[in-house]
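First up is the structure itself, then whatever we jot down about it.
Residue numbers (our numbering): 860 to 1158.
The structure is reproduced here in structure tokens:
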């Protein structure tokens, strides 16, 4: 009996890893089109003012992501709905194919979310939605924007803030898809030249000949050098936050230790998770501005 229960739990875990879905911090799962169900749980018993949609990166999800969204909720006082996609193959493989094939389901989810907001103006009055796309989750998002979204499909300013964080997608030609985004009030792209996870991801390119379009210098790391080398344009549809001097070798920039050295970083994400703009001045450590690029360092 014990062996049977163990195998059953294992199979359920593998099944959840192999398909897309929506999760909330309690661990409850919903189909990608069941926005009514997910929002009912999130809004039930409380007047949530801030709801973050989280698209996770590579890893053994949804278990890993459930811990992340619980931390986000505790650290920032926001509610979170996670879009889960099958994000794990092995320690030396990037599940690029899985990310690409999950883009259609992401489109279905965001379409239903858009419809929900239109259907329930009273429920959503005063509620700020934000979209956090992390690491390889940006492959899912990029594919959705390029292949399943037509400008004008979603409500303008559906999201207060879109945060493209530590993006594990190529820096080259990124302006083409970022320029298509018209459903968020503000778009931010964070990058850290010292990101150790993206450094490792670039090394994995050497072990695979598949999906070469997703190889090369990442959008979330060494962006300045990549743009200069490839003579490609940055997007005028986003603000770029160079947090290299704030984030050390970190990758998950939105969750950091509660220490003085991370105070500026915490302030940036606190404001963005609550639908506000970060302080893009000396208050939060901006020491240089070049066009729409903001460079941060410790005060």
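Where is the CB? At the ideal position from N, CA and C, for every residue including glycine.
All values derive from a computational prediction rather than experimental measurement.
Fill in: Member of 951, 1067, 879 whose CA lies at the smallest distance from the CA of residue 890
Translated into positions along the chain shown, residue 890 becomes position 31. Measuring from the Cα of residue 890, the nearest candidate turns out to be 879.
Item to complete: Spatial neighbours of residue 982 within its chain, please: CB distance less than 7 Å, with the 5 preceding and 5 following residues excluded, ordered by chain position.
Response: The residue given as residue 982 occupies position 123 in the chain shown. Excluding residues within five positions, the ones whose Cβ falls inside 7 Å are 902.
Practice prompt. Check whether the Cβ atoms of residue 1094 and residue 1037 sit closer than 8 Å, and answer yes or no.
Written response: Position 235 of the chain shown holds residue 1094. Position 178 of the chain shown holds residue 1037. Yes. Within cutoff.
Worksheet item: Is residue 1146 near residue 1099, with beta carbons less than 8 Å apart?
Response: As a working mapping, residue 1146 is identified with position 287 in the chain shown. As a working mapping, residue 1099 is identified with position 240 in the chain shown. No.
Worksheet item: If you scan the region 1048-1129 from start to end, which runs of the alpha helix (DSSP H) of 4 or more residues do you find wholly inside it?
Response: 1055-1063, 1082-1089
Practice prompt. Flag this pair as yes or no: are the beta carbons of residue 807 and residue 965 separated by less than 8 Å?
Written response: The structure shown has nothing for residue 807, since the chain only spans 860 to 1158.
Item to complete: Could you have a look at residue 878 and say whether DSSP puts it in helix, strand or coil?
Response: For this step, residue 878 is matched to residue 19 along the chain shown. Residue state, collapsed to three classes: coil.
Worksheet item: By how many angstroms is the C-alpha of residue 970 removed from the C-alpha of residue 1086?
Response: As a first step, residue 1086 is located in the chain shown; it is residue number 227 there, counting from the start. As a first step, residue 970 is located in the chain shown; it is residue number 111 there, counting from the start. Straight-line Cα distance between these residues: approximately 33 Å.
Practice prompt. Note down the Cα distance separating residue 1077 from residue 974, rounded to an integer number of angstroms.
Written response: Taking the chain shown and counting its residues from 1, one reaches residue 1077 at position 218. Taking the chain shown and counting its residues from 1, one reaches residue 974 at position 115. One C-alpha to the other measures close to 33 Å.
Item to complete: Could you say which of 1027, 1066, 1010 lies nearest to residue 1049 if we only look at CA atoms?
Response: Locating residue 1049 in the chain shown gives position 190, counting from the first residue. Nearest C-alpha to residue 1049: 1027.
Practice prompt. Identify the continuous beta strand (DSSP E) that holds residue 1019 and give its terminal residues.
Written response: Position 160 of the chain shown, counting from 1, holds the residue named residue 1019. Counting along the chain, the beta strand (DSSP E) containing residue 1019 begins and ends at 1018-1024.
Discussion item. Could you give the first and the last residue of the continuous beta strand (DSSP E) run that contains residue 987?
Written reply: Here the question's residue 987 lines up with position 128 in the chain shown. Residue 987 -> beta strand (DSSP E) spans 987-993.
Fill in: Contacting residues, own chain, Cβ-Cβ under 8 Å from residue 948 (five flanking each side not counted)
Indexing the chain shown from 1 puts residue 948 at position 89. Counting only Cβ-Cβ distances below 8 Å, and skipping sequence neighbours, we find 954, 957.
Worksheet entry | Same chain, Cβ closer than 8 Å to residue 967, five either side skipped, listed in chain order | Position 108 of the chain shown, counting from 1, holds the residue named residue 967. Result list for residue 967: 891, 892, in chain order.
Worksheet item: Helix, strand or coil: which one does DSSP assign to residue 863?
Response: The count along the chain shown starts at 1 and reaches residue 863 at position 4. Residue placement at residue 863 is flagged as unreliable, the pLDDT there being 46, under the threshold of 50; a coordinate-derived value is accordingly withheld.
Worksheet entry | Span of the beta strand (DSSP E) around residue 938 | Against the chain shown, residue 938 aligns to sequence position 79. 938-943 is the extent of the beta strand (DSSP E) around residue 938.
Discussion item. For residue 861, count the other beta carbons within 10 Å of its own beta carbon; 16 or more makes it buried, fewer makes it exposed. Which is it?
Written reply: Reading the chain shown from its first residue, position 2 is the one you call residue 861. The predicted position of residue 861 is uncertain, since its pLDDT is 47 and thus under 50; no value can be drawn from it.
Item to complete: Sort out for me which residues DSSP pairs residue 1043 with in a bridge.
Response: Here residue 1043 is taken as the residue at index 184 of the chain shown, counted from 1. Answer by DSSP bridge pairing, in chain order: 1018.
Worksheet item: So is residue 1010 buried or exposed if we call it buried at 16+ other beta carbons inside 10 Å?
Response: Translated into the one-based positions of the chain shown, residue 1010 becomes position 151. Exposed, by the Cβ-count rule.
Worksheet entry | Backbone secondary structure at residue 909 - three-state DSSP | Sequence index remark: in the chain shown, residue 909 carries index 50 (1-based). It is a strand residue.
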